[in-house]
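The structure under discussion appears below in the form of structure tokens.
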Amino acid sequence: MQLNIYIVSHPIIQQLSSQIMNPTLVSQNMYNESYKQLGLLMVYEVMRKWMLIQNIYIKQIDHIHTFCTLKRKESYIILTDLVDSYNFVTDALNLIPGVELNHINFRQKLDNINNCIINTNNTEQQKIIIVNLHINNNILINFLDYLTKEKHIQINQIKIICITCKHQILEKIGNKYPDLNIYTTKIL
227 MQLNIYIVSH PIIQQLSSQI MNPTLVSQNM YNESYKQLGL LMVYEVMRKW
277 MLIQNIYIKQ IDHIHTFCTL KRKESYIILT DLVDSYNFVT DALNLIPGVE
327 LNHINFRQKL DNINNCIINT NNTEQQKIII VNLHINNNIL INFLDYLTKE
377 KHIQINQIKI ICITCKHQIL EKIGNKYPDL NIYTTKIL
């Protein structure tokens, strides 16, 4: 089976992505705002297929009130390099309650990544979103190895968000993890 790559082609996402990839064409304020909005929309795109709604009905004498709430069986973790992408994920954290945010320095070697905080007691219920803005080296593959082998996370519980990714790295990831889902705006 091939790697599942979703090139998010919504016009708004493509416009925001273009502004981020060409920062000299827009003001700093516009760049920052585009960056935050793109992050929100990309996280939404990934999570909309995972999140489940539970309807709650409260019956009163003359009518029924209906409330929608998120099912709490699953927990969501965003793993990202906060130095690079804090503004990218901030608005998404405000929108989606209960999402845990963990810092991973993707510029370090795997030895230093091993302190990743993931609750290993309930791994079947965890959904992990890895935000790596530009996938251009093998560190992500090493990190996926760590999550699947050391933390015993199933690859179908992991989704990756990036703005750009290199074709060569995608081929390597696809050979090793063909069931992985990657959401991007552009392949280089």
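Going by the working numbering, the sequence shown opens with residue 227, and the numbers climb by one from there. For each residue, glycine too, the CB sits at the ideal point set by N, CA and C.
Among the options, nearest to residue i - alpha-carbon criterion
i	options	result
I279	V269, E271, C294 and M268	C294
Y409	Q228, V272 and W276	V272
Y270	Q394, I387, Q383 and L396	I387
K262	L305, H378, Q380 and D310	D310
K412	L229, I303 and I233	I233
V357	G324, N401, K375 and N407	N407
N281	T374, Y312, M268 and K297	K297
L414	K375, D371, N362 and D405	N362
M256	S243, L267 and L370	S243
As assigned by DSSP and simplified to three states, the class of residue i
i	result
Q352	strand
N358	coil
M242	A quick correction: the sequence has Leu, not Met, at residue 242. Three-state result, L242: helix.
L414	coil
M227	No answer about M227 holds up, because its pLDDT of 44 lies below 50 and its placement is not dependable.
S301	strand
K285	strand
H236	coil
V269	helix
F293	strand
Y409	strand
I399	helix
I386	strand
N313	helix
Cβ pair residue i, residue j closer than 8 Å
i	j	result
K398	I367	yes
H360	T316	no
I384	F332	no
I174	Y403	What the structure shows of the chain is the stretch from 227 to 414, and residue 174 is not part of that stretch, so it cannot be assessed.
K377	Y302	no
L319	L327	yes
Q254	G400	no
L396	I231	yes
Per DSSP, the bridge partner or partners of residue i
i	result
I367	According to DSSP, I367 bridges with nothing at all.
E326	I303
C391	I361 and I413
Q280	T295
Nearest-angstrom Cβ-Cβ length linking residue i and residue j, presumed shorter than 8 Å
i	j	result
H329	L308	5 Å
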